[in-house]
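S.K.:
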Amino acid sequence: MGYIAARVQRRADAEDLCADVFEKIYRRFDAYDSEKAALGTWIFTIARNTVIDYFRKSKPSEELDDNMADDKEVDDRLLDGETLDELAAALQQLPQELQDIVVLVYYDGKPLTEVARMMRLSYGAVKLRHQKALMLLRGFLCE
Amino acid sequence: MEKKLSVLFDYQKYSKNAHLQAVIDRVHARYPSRQLSDDEAEFVAAAGRPNSAPERDPSLKSKDDTL
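Each protein sequence line maps, in turn, to chains D and X.
Residue numbers for the first sequence follow the working numbering, beginning at 177 and rising by one.
Residue numbers for the second sequence follow the working numbering, beginning at 2 and rising by one.
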């Protein structure tokens, strides 16, 4: 519920989606394969896809994040606590400004124009720093 | 890389890894402005405080009164 509420602004819609997710888990549980993914990862994937469908069908006027729009297939190997620990460690190696940009863009979903306003930098400066952050993270996360 | 970050941060909202959340919270502490959700916005009056306009002094006539 917390994940869905963080993605969907209206509480009533979030509650409906949560019920949908529970129903899907109940209906599809026989198909769950523990060798393919951890249970939490499987549930997260159902929830994420349900949110993506909600934005596509019910609220076409609300923008879905560009990085969510085309990607219902999630690499389950990414989704574990160790990867999040690695991401935390990699972020802490970045200069503070670059950490801020990454969190504001990818966690908070802010566009670069909004991030520039919040950080009191020009759009061009934020765009360059964003690219630098991605380059450094590629190195730290060995992508 | 961008898709990977988006998926990982999305997953963070679900799993709440403590180490990563600490990094996120420190960033948020540097930017305290916050966007209201629709439910929170329902409690904000669009026009501001009611009866906030200054009271008219009845002894002062405006040119409109003569119309």
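For every residue, glycine included, the Cβ atom is placed at its ideal position computed from N, Cα and C.
#1: Can you confirm whether the stretch 27 to 34 of chain X touches the stretch 306 to 318 of chain D when touching is taken to mean that 3 or more C-beta pairs between the two stretches lie within less than 8 Å?
#2: Return the residue from the list D:Lys233, D:Cys318, D:Trp218 that minimises the CA-CA distance to Asp206 (chain D).
#3: Quick check: the stretch 219 to 231 of chain D against the stretch 263 to 273 of chain D, are at least 3 beta-carbon pairs closer than 8 Å?
#4: Spatial neighbours of Leu171 (chain D) within its chain, please: CB distance less than 6 Å, with the 5 preceding and 5 following residues excluded, ordered by chain position.
#5: Using C-beta distances below 8 Å, list every residue in its chain close to Ala265 (chain D), excluding the 5 sequence neighbours before and after it, in chain order.
#6: List the residues of chain X that Gly264 (chain D) touches, going by C-beta distances under 8 Å, in chain order.
#7: Which residues in chain X have a C-beta closer than 8 Å to the C-beta of Gln268 (chain D)? List them in chain order.
#8: If we cut at 8 Å on Cβ distances, does Gln275 (chain D) have a partner in chain X?
#9: Take Gly216 (chain D) as the anchor and find which of X:Gln22, X:Ala19, X:His20, X:Tyr12 has the nearest alpha-carbon.
#10: I'd like the span of the alpha helix (DSSP H) that includes Val24 (chain X), first residue to last.
M.R.: This is what the structure holds:
#1: A contact between stretches requires three or more CB pairs, one per stretch, nearer than 8 Å, and the stretch 306 to 318 of chain D fails this requirement with the stretch 27 to 34 of chain X.
#2: D:Trp218
#3: no
#4: Look at the range of chain D in this structure, 177 to 319, and you will see that residue 171 (chain D) is not part of it.
#5: Phe316
#6: Per the sequence shown, the amino acid found at residue 264 (chain D) is Ala instead of Gly. Within chain X, the residues near Ala264 (chain D) are Asn18, His20, Leu21, Ala23, Val24.
#7: Scanning chain X for C-beta atoms nearer than 8 Å to the C-beta of Gln268 (chain D) yields Val24, reported in chain order.
#8: yes
#9: X:Tyr12
#10: 19 to 31
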